[in-house]
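Okay, so the first sequence: first residue is 33 according to my numbering, each after it adds one. Note that CB positions come from ideal geometry on N, CA and C, so glycine has one too. One structure below.
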Amino acid sequence: MDLAGELVAGLEPGAKAADVARALGLPERGAGAPVAALLDGELVDLGAAIAGARKVVLVPATVPEGRAVLRHSTAHVMAQAVTDLWPGASFAIGPAVDDGFYYDFELPGGATLTDADLARIEARMAEIVSEDQPFSREEHTLEDGLALFAGQPYKREIIEAIRSDASGGAGGGIAPTLSVYRNNERFVDLCRGPHVPSTGRLGHFKLLRVAGAYWRGDEHRPQLQRVYGTAFESEELLAEHLARLEEAEARDHRRLGAELDLFSFPREIGSGLAIFHPRGGLVRRLMEDASRERHAAGGYESVFTPHVTKAELFETSGHLEWFADGMFPPMELDEGQRYYVKPMNCPFHILVYRSRQRSYRELPMRLFELGTVYRYEKSGVVHGLTRVRGMTQDDSHIFCTREQMPAELSSIFDLVLDVLGDYGLDDFYMELSTRPEGKAAGSDEEWEEATDALRSVAEGRGLELVVDEGGGAFYGPKISVQARDAIGRSWQVSTVQLDFQLPRRFGLEYVGADNQRQRPVMIHRALFGTVERFLAILLEHYAGALPVWLCPVQVAILPVRDDHEAYARSVYERCTDAGLRAEVDEADEPLGARIRRQKMAKVPYVLVVGDEDVAGGTVGLNRRGGSKPERAVPVGSFIAEAAAEAASKGRARA
RNA sequence: GCCUGGGUAGCUCAGUGGUAGAGCAGCGCACUCGUAAUGCGCAGGCCGUGGGUUCGAUCCCCACCCCAGGCUCCA
């Protein structure tokens with residue numbers, strides 16, 4: 033909604049963004065109504081004067097910036113509701129976040145909120161919305177602000193921070209002003225804005241949960257009561273969003289893991305440690321076998337390394353210096369010798385490399401291991417198979433010359449995309465993490481060369497690339513592959529990381545063609561990330577209906593009556609001969625019940641065999657996700673179809 | 001670690017200051033069926049653990065353990 037210059041010129045002097053909207057005949061209320069404006073790129077209230085702006089863009093709540101304004105305003109309404117219900121409550125910050133907003137409160141007497149309070153807060157919010165209170169902006173000096181928020185310690189702290197920024201920063205000399213938004217005589221909040229013009233523009237919101245959250249995210253500071261909510265510009269979009277949340281819950285891999293009898297987390301073992309049941313074990317083995325085959329075909333060599341090691345190894349690697357918090361505490365053995373359970377495979381693979389002198393002729397050397405590692409995660413952060421204390425990485429370390437690095441990175445990306453394709457994941461973006469500010473191992477030149485190499489391989493494949501400036505680890509730049517799942521969430525899967533640190537720490541070398549000792553480049557990479565987490569992602573992506581090649585049972589054969597069992601067995605034999613995993617579900621229960629059970633187990637092909645099939649050599653075929661079952665399908669053609677589907681792995685067949 | 005919610009049968013959950021219930025799953029018997037739940041019966045419980053209050057605690061109080069969600073997104 034750009035506005036031509038002449039229309040701006042035609043407006044009254046002192047015109048506001050809202051006047052522009054009116055001149056354009058835009059609605060004041062409703063989902064498409066503007067909620068804010070961009071004046072030369074700066075997001076402001078509709079009540080802001082447009083004087084001097086060359087370009088005015090009206091922003092509706094249907095775009096992300098506008099929706100954030102709507103949510104932020106809803107957060108203010110929530111803060112007002114909470115301060116009405118808990119007089120004396122202080123409030124900290126209340127930003128819009130992905131998919132919603134939150135506000136942090138400190139209630140009088142250290143009171144805490146419970147889920148039951150959410151309904152009360154929502155009810156009060158609805159009243160505030162129906163009162164249609166204006167959001168009016170005021171500007172104040174810092175001193176006025178401190179007085180205005182005399183009873184609000186967190187707001188005062190924020191103002192003090194602004195003061196010290198202003199005096200210490202480069203903008204010295206300009207006295208900063210504060211903006212506040214006043215809704216009525218009682219509620220005024222320190223806020224940058226912008227906001228919707230009045231609370232009546234809001235209303236499609238839902239409070240979702242309460243949580244403790246530390247002030248400034250610092251566990252040494254007070255814990256505040258955080259209320260999360262979400263808001264949309266229409267009831268329909270809100271309902272859709274809530275339905276999506278339910279859908280995500282139905283796809284929860286922990287729930288599916290139990291329902292499909294794949295794995296469990298027995299309390300006896302401890303937090304974040306899974307056991308795989310036979311069916312889950314089968315899926316896992318299929319993934320791991322496929323991984324081994326891919327790696328062998330890609331020129332990788334399998335190595336095996338122990339799960340525990342003396343402290344020395346992690347002292348040399350530096351892990352004990354900067355990663356000790358993430359490691360299980362040591363065991364004391366052999367007269368005070370400290371042993372650690374390994375949190376990473378890399379130092380072991382380095383020892384493989386260093387086990388003898390290496391020649392440039394051996395490079396690139398690609399070492400692969402399905403390496404199980406253990407990391408100490410705080411008890412509150414473990415989550416199903418996605419955040420665990422024990423996990424198996426499909427971990428490789430590649431040692432190559434600097435000249436070989438671009439080609440190696442290129443082949444790694446081929447492998448990554450190929451492998452992920454086997455699992456039907458084909459919607460990705462890449463995230464490039466570059467050199468962090470301050471200390472970083474390696475020279476500028478090395479960083480630049482490596483970062484460029486990573487960037488150009490990703491770009492060469494036309495992949496969407498997001499740069500996380502300064503987000504790399506100190507030991508080298510990284511690219512991660514983020515896969516989007518069926519309901520639009522993204523998950524970090526593969527990572528490719530250059531490392532300038534470990535080759536130096538371990539003194540790695542090779543002898544070059546010129547007979548000089550050189551330092552190899554080291555690349556860490558994992559394709560799944562971890563087998564456990566990758567399985568969790570697949571389960572959530574497919575809502576449990578895994579690609580046929582990964583299904584523990586691919587074909588269930590259901591004889592209608594006992595006397596069809598012999599025929600069912602013969603179909604079973606033909607399936608297994610064709611390499612399909614099949615089972616016969618005998619006729620000791622009604623057919624409907626058996627079909628239901630197989631369907632709930634997400635078996636991709638349910639076959640019913642009765643008189644007609646015995647006579648004709650056919651099966652009744654009920655496909656997973658199919659509309660109607662098919663009768664009288666010749667056994668041979670069914671097997672051909674199923675075998676082709678399994679062989680295609682996760683890829684759509686032409 | 002901290003905040004919130006929760007731990008009752010294998011699973012999902014109901015319940016009360018007077019020592020417990022449902023559905024599903026399991027087991028037995030009968031049923032032999034053409035596309036998402038056949039019927040009847042049986043069995044199954046240290047009501048998370050330890051203390052306390054009480055004549056009596058699964059229930060009330062305290063402590064602990066475990067599980068889930070949250071604790072990055074800056075007025």
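Exposed unless 16 or more other CB atoms sit within 10 angstroms - verdict on residue i
i      : result
ALA36  : Here ALA36 scores only 45 on pLDDT, less than 50, and its place in the model should not be relied on; the value that follows carries that caveat. Exposed.
MET437 : buried
ILE307 : exposed
PRO666 : exposed
GLY652 : buried
GLY201 : With a pLDDT of only 49 at GLY201, under 50, the local geometry of the prediction cannot be trusted, and the value read off the model is given with reservation. GLY201 is exposed by the Cβ-count criterion.
SER659 : exposed
PRO226 : buried
MET363 : exposed
ILE519 : exposed
THR608 : exposed
GLN586 : buried
SER475 : exposed
VAL52  : buried
Cβ pair residue i, residue j closer than 8 Å
i      : j      : result
LEU345 : PRO584 : no
GLU64  : ARG103 : According to the sequence provided, residue 64 is Gly. The question's Glu does not apply to it. No, the Cβ-Cβ distance between GLY64 and ARG103 is not below 8 Å.
THR341 : LYS374 : yes
LEU449 : VAL489 : no
HIS556 : GLN529 : yes
SER230 : PHE167 : yes
ALA121 : ILE153 : no
ARG283 : GLU541 : no
GLY304 : GLY422 : yes
ASP72  : ARG54  : no
Proximity winner among the options, relative to residue i (alpha-carbon distances)
i      : options                        : result
PHE400 : PRO96, GLU333, VAL638          : GLU333
GLY502 : HIS351, ILE569, ARG407, THR483 : THR483
GLU170 : CYS223, TRP354, PHE538, ARG398 : CYS223
CYS432 : TYR461, GLY261, ARG398, SER443 : ARG398
VAL109 : ALA83, ARG233, ALA93           : ARG233
LEU589 : ASP617, VAL161, LEU582         : According to the sequence displayed, residue 589 carries Ile and not Leu. For ILE589, the nearest C-alpha among the options comes from ASP617.
GLY244 : HIS236, GLN255, PHE237         : GLN255
PRO396 : GLY561, ARG152, GLY544, SER411 : GLY544
ASP147 : ARG188, ALA343, TYR260         : TYR260
VAL161 : GLU320, PHE123, GLN548, PHE237 : PHE237
GLY682 : GLY57, ILE671, ASP458, SER669  : ASP458
GLY561 : SER512, GLU572, ARG390, PRO338 : SER512
ILE190 : SER428, PHE123, LEU139         : PHE123
SER526 : PHE566, GLN548, LEU495, GLY492 : PHE566
ARG656 : VAL641, GLU644, GLY648, ALA633 : ALA633
ALA47  : ALA81, VAL220, ALA69, TYR213   : ALA81
LEU623 : GLY98, GLY642, HIS172, PRO636  : GLY642
One or two residues paired with residue i in a DSSP bridge
i      : result
GLU333 : LEU399
SER522 : ARG516
CYS432 : VAL553
HIS236 : PHE264
HIS415 : ARG419
ALA558 : ASP427, THR527
GLY244 : GLN257
Distance, residue j Cα to residue i Cα
i      : j      : result
THR524 : ASN215 : In the sequence under discussion, the amino acid at residue 524 is Gln, which differs from the Thr named in the question. Distance between the alpha carbons of GLN524 and ASN215 is about 42 Å.
GLY203 : LEU210 : For GLY203, the predicted model reports a pLDDT of 45, less than 50, meaning its position is unreliable; a value from the coordinates is still stated below. Taking the straight line from one Cα to the other gives about 15 Å.
PHE360 : ASP130 : 34 Å
GLU251 : LEU145 : 19 Å
SER266 : GLU175 : 40 Å
GLY611 : ARG434 : 45 Å
TYR408 : GLY358 : 5 Å
VAL592 : ARG601 : 13 Å
TYR507 : MET157 : 50 Å
ALA676 : GLY368 : 59 Å
ALA328 : LEU294 : 28 Å
MET33  : ALA575 : Since pLDDT at MET33 reaches only 42, below the 50 mark, its modelled position is unreliable, and the value read off the structure follows with that caveat. Going from the Cα of MET33 to the Cα of ALA575 covers about 40 Å.
ALA568 : GLU281 : 13 Å
ARG521 : LYS510 : 21 Å
GLU673 : HIS429 : 39 Å
PHE380 : TYR372 : 13 Å
ALA95  : VAL67  : The displayed chain sequence assigns Val, not Ala, to residue 95. Cα-Cα distance, rounded: 10 Å.
ALA686 : ARG626 : Residue placement at ALA686 is flagged as unreliable, the pLDDT there being 44, under the threshold of 50; the coordinate-derived value follows with that caveat. Spanning the two alpha carbons is a distance of roughly 33 Å.
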